[in-house]
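As you go down the protein sequences, you meet chains A and Y in turn. Heads up: the first sequence runs through residues -10 to 446, numbered per our numbering. Heads up: the second sequence runs through residues 41 to 234, numbered per our numbering. Beta carbons are placed, not taken as given, at the ideal position from N, Cα and C, and that holds for glycine.
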Amino acid sequence: MYRTDNVLGTVRMLQDENLDVRTVTMGIDLSDCAGRDMAAVTAAVHDKITRKARNLVKTCDDVSSRYGIPIINKRLAVSPASRLLEGHEQDAAPRLAKALDAAAAAVQVDLIGGYTALVHKGMTPGEQLLIDSLPEALSTTERLCASVNIATTRAGINADAVLRVAEAIVKTAAATGDRNGFGAAKLVVFANSAEDNPFMAGAYLGEGEPECVINVGVSGPGVVKRAVERLVTALPHCTLDQIAEEIKHTAFRVTRTGELIGREVAERLNTPFGVLDLSLAPTPRVGDSVGEIYQAMGITHIGAPGTTAAVALLNDAVKKGGAFASAAVGGLSGAFIPVMEDRALAEAVSEGWLTLEKLEALTAVCSVGLDMILIAGDTPSAIVAGIILDEAAIGVCNRKTTAVRLIPVPGAKPGDHIDFGGLFGSGTVMKITAPTGSEEFVRHGGHIPAPIQSLVN
Amino acid sequence: MKTSVSRYVISVLISDRVGIMRGITSAVTDLDGDIQGISQTVVQAYFTVILVAAFKRPVTARTIQTAISSAFREDEISVMVREFHDHSASLSKGERYILTLMGRESPGILKQLTTYLADKEINIEDWYFRIDGIMVTHIGEITVPPRLDIRQIQDDLRALLEPRDLRVHCRHENLFRATNEVESIGLMLGKHAG
């Protein structure tokens, strides 16, 4: 007989604390679909995706029922699409984007990532095609997600690519102006991107990965929040190291749940299991917020001094719990701070406690970066590029992934409220404290050399 | 008198206090008995244990019963001893699920639930419940035959018990092992494959 409190503890995580598997993401390598004839390429892409992923959704549903654990999203992440554009003309890019989108629809997945270019050291013609096509690709598809890696610790920062992708962000938002610039929410710019990340919009199948692989993203901010609340209620004078220990133990259980689901889905699909990404990814629902964890820890106003330390504590404890739970922990694995998708963070922005500059500080210690942030639609692309450069510098110098997902909302001004609905949430257009003054620096372009930290051999 | 049987299943019921297991196991051991399986619990201050023991020398059920009873006051203990017959092969095969049931207590829950399970040939391996005020929690370990569709079982249970203000869930046991043990998940799934 299992211990009663263990059984009830597990049931409580699922029933009352919103534990779920946020995504099962199948990675598919499309290298063998390359060719000079785009009609043949798109046909091969559709054939391979539908062949590999035809049973993904049903298998996830079966495993979900077996364990009584919701699997919220079933997704695909393909190898960088820019490779399929080498040697092609500009009109090939939107055709490829639509083919990917159609294949995703055919197998009934939520999203497909991998409309991606890895340009941290330089850009090939195919990668330039892909970046320039982003406004059309993201405004004419439903499920397609895109990412561009513009920096690594080993390579430094490709400032030319930053400028190019910043222009693409502004144009993508404009192209989806009828939806408040929603297209930009499907585009993320990375430094040190994770090649096995299952979360969108940044998932793609990186170098060195198998031809087909199952990666799983498990979440559970509600579980961690409740664990902290129980501890603080039982021990009102508990110390921060006791809170860290409680989070670590909780992260262990969350991680194990995700690995169980991932391995069983992979086994049933006869596909290798890749990684389990333990990321505290919030949703706009009450009780499913990372910000509420900080509040449970005693940060009444998220953004107040001490918030960065709280994020660091949480991020580190999550990683440690996950690392002990499973040898397959990978991806991003930490605490996300996607402002629009997190009710408490969105409220902190709306009330003025959390500023863009404080968020930037948090990205030095959280698992990703400036995520799902609304800015005014008239923000110049050079200023968007400056934000990306700053964020990339934090990632490059700290040997960590950082990301930028900005949404310049056409026609909106700081303080306006925007609602995308569903899991994308709602939020307030943020003010950029210094909205000008770095254009000259940004427009130098070129390349910011790799930091001294890169010389590790 | 039959003396050739060497294995017995022994059941004991007694008001709980310190030293009961010492009395039972000493009586069995003093008869050259080797305890091979045991399950013991206490329900509302009543102690009960069931155990299987093999004996190296010929003993009767009556001898074992007397030996155990003599370690206690005659009016405080009930002892039942039967020859052990291995009928595990006739038990239903399948995968182990944990059934949890929580909500408002009312008479007849167990009858309704166990009737459904029996009709489906789902075997109950272990059961626990507790009452806290007007609320009740049941936890059961059940074996679900492979021919049954677990989603149908879950739907049936919800239809049966939710009208009684009860939340019912049926989840594979590996979930509870994964969240409470440190064994490798890969090994865990391998052991239960097929």
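Worksheet entry | Residue-level contact to chain Y via CB, VAL0 (chain A), 8 Å cutoff | The count along the first sequence starts at 1 and reaches residue 0 (chain A) at position 11. Cβ-Cβ to chain Y under 8 Å: yes for VAL0 (chain A).
Fill in: Continuous beta strand (DSSP E) stretch holding ARG64 (chain A): start and end
Residue mapping note: residue 64 (chain A) aligns to position 75 of the first sequence, counting from 1. ARG64 (chain A) -> beta strand (DSSP E) spans 60 to 67.
Worksheet item: Does ASN(-5) (chain A) get closer than 8 Å to chain Y when you measure Cβ to Cβ?
Response: Within the first sequence, numbered from 1, the residue matching residue -5 (chain A) stands at position 6. It does; some Cβ of chain Y falls within 8 Å.
Worksheet item: Going by the beta-carbon positions, is the gap between ALA135 (chain A) and ALA190 (chain A) smaller than 8 Å?
Response: Translated into positions along the first sequence, residue 135 (chain A) becomes position 146. Translated into positions along the first sequence, residue 190 (chain A) becomes position 201. Contact: yes.
Worksheet item: From the beta carbon of ASN163 (chain Y), is the nearest beta carbon of chain A less than 8 Å away?
Response: As a working note, residue 163 (chain Y) is residue 123 in the second sequence. No - not a single Cβ of chain A is within 8 Å of the one on ASN163 (chain Y).
Worksheet item: With a CB to CB cut of under 6 Å and the five nearest residues on each side skipped, what residues in its chain are close to ARG170 (chain Y)?
Response: The count along the second sequence starts at 1 and reaches residue 170 (chain Y) at position 130. Here the set comprises THR177.
Discussion item. Can you confirm whether ARG97 (chain Y), when its beta carbon is compared against all beta carbons of chain A, has any partner nearer than 8 Å?
Written reply: Here the question's residue 97 (chain Y) lines up with position 57 in the second sequence. ARG97 (chain Y) does not count as touching chain A.
Item to complete: Kindly indicate which residue of Y:ILE64, Y:LEU206, Y:GLY143, Y:ALA101 has the alpha-carbon position closest to the one of ARG113 (chain Y).
Response: The count along the second sequence starts at 1 and reaches residue 113 (chain Y) at position 73. Nearest option by C-alpha distance: Y:ILE64.
Discussion item. So if DSSP puts ALA140 (chain A) in a beta bridge, which residue, or which two residues, is it bridged to?
Written reply: Sequence index remark: in the first sequence, residue 140 (chain A) carries index 151 (1-based). DSSP output for ALA140 (chain A) lists A:ILE146, A:ALA180 as bridge partner(s).
Item to complete: Report, in whole angstroms, the separation of the C-beta atoms of ASN62 (chain A) and LYS110 (chain A), which I expect to be a contact under 8 Å.
Response: The sequence position of residue 62 (chain A) within the first sequence is 73, counting from 1. The sequence position of residue 110 (chain A) within the first sequence is 121, counting from 1. In fact, because the Cβ distance is near 32 Å, the residues do not count as touching under 8 Å.
Worksheet item: Can LEU127 (chain A) and THR161 (chain A) be called in contact, C-beta distance under 8 Å?
Response: The residue labelled residue 127 (chain A) in the question sits at position 138 within the first sequence. The residue labelled residue 161 (chain A) in the question sits at position 172 within the first sequence. Yes; because the gap between Cβ atoms is below 8 Å, this pair is in contact.
Practice prompt. Give the DSSP bridge partners of MET175 (chain Y), in chain order.
Written response: For this step, residue 175 (chain Y) is matched to residue 135 along the second sequence. MET175 (chain Y) pairs with Y:ARG144, Y:ASP172.
Discussion item. Against chain Y, which members of the stretch 240 to 269 of chain A pass a CB distance test of less than 7 Å?
Written reply: ARG242, ARG245, THR246, GLU248, LEU249, ARG252, GLU253, GLU256
Worksheet entry | Complete runs of the beta strand (DSSP E) confined to the stretch 182 to 228 of chain Y [at least 3 residues] | 206 to 212
Discussion item. With a threshold of 7 Å on Cβ separation, who are the neighbours of SER339 (chain A) within its own chain once the five nearest residues in sequence on each side are excluded?
Written reply: In the first sequence, counting from the first residue as 1, residue 339 (chain A) sits at position 350. So the list reads THR417, once near-sequence residues are dropped.
Worksheet item: Any residues in the stretch 203 to 226 of chain A with a beta carbon nearer than 8 Å to a beta carbon of chain Y? Which ones, in chain order?
Response: none
Worksheet entry | Of the listed residues A:PHE179, A:VAL279, A:SER268, nearest to LEU359 (chain A) (C-alpha basis) | One-based indexing of the first sequence puts residue 359 (chain A) at position 370. Ranking A:PHE179, A:VAL279, A:SER268 by Cα distance to LEU359 (chain A) puts A:PHE179 first.
Worksheet item: Taking Cβ positions only, does GLY226 (chain Y) come closer than 8 Å to chain A?
Response: What you label residue 226 (chain Y) is simply residue 186 of the second sequence in a count that begins at 1. Yes, its Cβ sits closer than 8 Å to a Cβ of chain A.
Worksheet item: Since THR140 (chain Y) meets chain A, which of its residues come closer than 8 Å, beta carbon to beta carbon?
Response: Along the second sequence, one-based indexing puts residue 140 (chain Y) at 100. Within 8 Å Cβ-Cβ: VAL(-4), LEU(-3), VAL0.
Discussion item. Can you determine whether any heavy atom of the ligand FMN sits closer than 7 Å to the C-beta of ILE108 (chain Y), and answer yes or no?
Written reply: The ligand FMN is absent from the structure shown, which contains no ligands of any kind.
Worksheet item: MET260 (chain A): buried (16+ other C-beta within 10 angstroms of its C-beta) or exposed?
Response: For this step, residue 260 (chain A) is matched to residue 271 along the first sequence. Checking the sequence, you will find Thr at residue 260 (chain A) rather than Met. Buried.
Item to complete: Report the option in Y:LEU141, Y:VAL89, Y:SER146 whose CA atom is closest to the CA atom of MET120 (chain Y).
Response: Counted from its first residue, the second sequence places residue 120 (chain Y) at position 80. When each option's Cα is compared against that of MET120 (chain Y), the closest is Y:VAL89.
Discussion item. So for GLU135 (chain Y), helix, strand or coil by DSSP?
Written reply: Against the second sequence, residue 135 (chain Y) aligns to sequence position 95. Here GLU135 (chain Y) sits in strand by DSSP.
Discussion item. Can you check whether the C-beta of HIS178 (chain Y) is within less than 8 Å of a C-beta belonging to chain A?
Written reply: Here residue 178 (chain Y) refers to the residue found at position 138 when the second sequence is read from its first residue. By this cut-off, HIS178 (chain Y) is not an interface position.
Item to complete: Just the C-alpha distance for HIS35 (chain A) and GLY400 (chain A), rounded to the nearest angstrom, thanks.
Response: Locating residue 35 (chain A) in the first sequence gives position 46, counting from the first residue. Locating residue 400 (chain A) in the first sequence gives position 411, counting from the first residue. About 38 Å.
Worksheet item: At a CB-CB cut-off below 9 Å, which residues of chain A make contact with LEU229 (chain Y)?
Response: Here residue 229 (chain Y) refers to the residue found at position 189 when the second sequence is read from its first residue. Here the neighbours are LEU249, ARG252, GLU253, GLU256.
Discussion item. Residues of the stretch 53 to 71 of chain A in Cβ contact with chain Y at a cutoff of 8 Å, in chain order, please.
Written reply: SER54, ARG55, TYR56, GLY57, ILE58
Fill in: Three-state class that DSSP yields for CYS201 (chain A) in the structure shown
Taking the first residue of the first sequence as position 1, residue 201 (chain A) is located at position 212. Strand.
Item to complete: Mind checking which residues open and close the beta strand (DSSP E) that includes GLN84 (chain Y)?
Response: For the purposes of this step, residue 84 (chain Y) is taken as residue 44 along the second sequence, with counting starting at 1. Element bounds for GLN84 (chain Y): n/a, residue is neither H nor E.
Item to complete: Determine which residues share a DSSP beta bridge with GLU123 (chain Y) and list them.
Response: In the second sequence, counting from the first residue as 1, residue 123 (chain Y) sits at position 83. Note: GLU123 (chain Y) sits in a beta bridge opposite Y:TYR48.
Discussion item. Looking only at its chain, what residues have a beta carbon closer than 7 Å to the beta carbon of ILE58 (chain A), apart from the 5 residues adjacent to it on each side?
Written reply: For this step, residue 58 (chain A) is matched to residue 69 along the first sequence. The answer, listed in chain order, is LEU3, ASP9, VAL10, THR246, ILE250.
Fill in: GLY280 (chain A) and LEU334 (chain A) closer than 8 Å at C-beta
The count along the first sequence starts at 1 and reaches residue 280 (chain A) at position 291. The count along the first sequence starts at 1 and reaches residue 334 (chain A) at position 345. Contact flag set, yes.
Worksheet item: What residues match up with PHE95 (chain Y) in a beta bridge as DSSP calls it?
Response: On the second sequence, position 55 is the one that residue 95 (chain Y) refers to. Y:GLY73.
Worksheet item: If you measure from the beta carbon of TYR17 (chain Y) to each beta carbon in chain A, is any gap under 8 Å?
Response: Residue 17 (chain Y) is absent from the structure shown; chain Y starts at 41 and stops at 234.
Discussion item. Which of the three DSSP states is assigned to THR48 (chain A) in this structure?
Written reply: Sequence index remark: in the first sequence, residue 48 (chain A) carries index 59 (1-based). Reduced to three states, the DSSP call for THR48 (chain A) is helix.
Worksheet item: Of all Cβ atoms in chain Y, is any one closer than 8 Å to the Cβ of TYR283 (chain A)?
Response: The sequence position of residue 283 (chain A) within the first sequence is 294, counting from 1. So, not an interface residue.
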